[in-house]
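In my numbering, the protein residues as written are 17 to 166. We put the CB at the ideal spot given by N, CA and C, even for glycine.
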Amino acid sequence: MLQRIQSIFLLLASGGILSLLSNSLQLIAVDGDKGGAGKLLRDGALTMNEDVVLMSVGIAAALVFLVAIFLYKNRPVQLKVVITAVVLTILMIVLAAYDVFSNLSGMGGAISIVPTLGGFIPILTVLFGLFALRFIKKDEKLVRSMNRLR
17 MLQRIQSIFL LLASGGILSL LSNSLQLIAV DGDKGGAGKL LRDGALTMNE DVVLMSVGIA
77 AALVFLVAIF LYKNRPVQLK VVITAVVLTI LMIVLAAYDV FSNLSGMGGA ISIVPTLGGF
137 IPILTVLFGL FALRFIKKDE KLVRSMNRLR
């Protein structure tokens, strides 16, 4: 279970998304005049808790990553579950970008988007998911080669 490297990557991916649920981690910060900003960016930052859809997709992705850890005996199913979690994480990134750019349209003047630590965590989560996929495929290949030797 947790002895396998892909389980560690899956745990890191799930933990990364769950860490975004704290209010202190901002996905994106915005500098400039926030007078015409939408309701999500009035305080100058987008957190996961401000958008229900974004939070729901994030929680779903984290839970799917956690479920994938315990599917270690059935690697083909584990592969499909991890692919689903990676797609959900990419959807979360797209939704966050949409939220930011749709709320920036009402702002005037000089606006700059400031990358924050929380903005890099979803990207790291996708990478951890892809690393887990690589090692799951490697395990499956090893098991198939051992079956041929029997």
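For the 8 Å CB-CB criterion, I152 and V98 form a contact. Burial state of S72 is exposed, judged by a 10 Å Cβ sphere holding fewer than 16 other Cβ atoms.
By the Cβ neighbour-count rule, F117 is exposed, with fewer than 16 other Cβ atoms within 10 Å of its own. If you compare the alpha carbons of G31, R20, L95 and Q42 with that of T141, the shortest gap goes to G31. DSSP, read as helix, strand or coil, puts S38 in coil.
One Cα belongs to V130, the other to I137, and the distance between them is close to 15 Å. In this structure L70 is in contact with D115, their Cβ atoms being roughly 7 Å apart against a cut-off of 8 Å.
Listed in chain order, the non-local C-beta contacts of M108 below 7 Å within the same chain comprise L70, V73, G74, A77 and P138, local neighbours out to five positions each way being set aside.
With a cutoff of 8 Å on beta-carbon distance, F25 and A101 are scored as not near each other. Between the beta-carbon of T105 and that of I33 there is about 7 Å, and that keeps the pair under the 8 Å contact cut. Collapsing the DSSP output to three states places L87 in coil. A distance below 7 Å between beta-carbons, with the five flanking residues on each side excluded, links Q94 to the following residues of its chain, in chain order: A84, L87, Y88 and I152.
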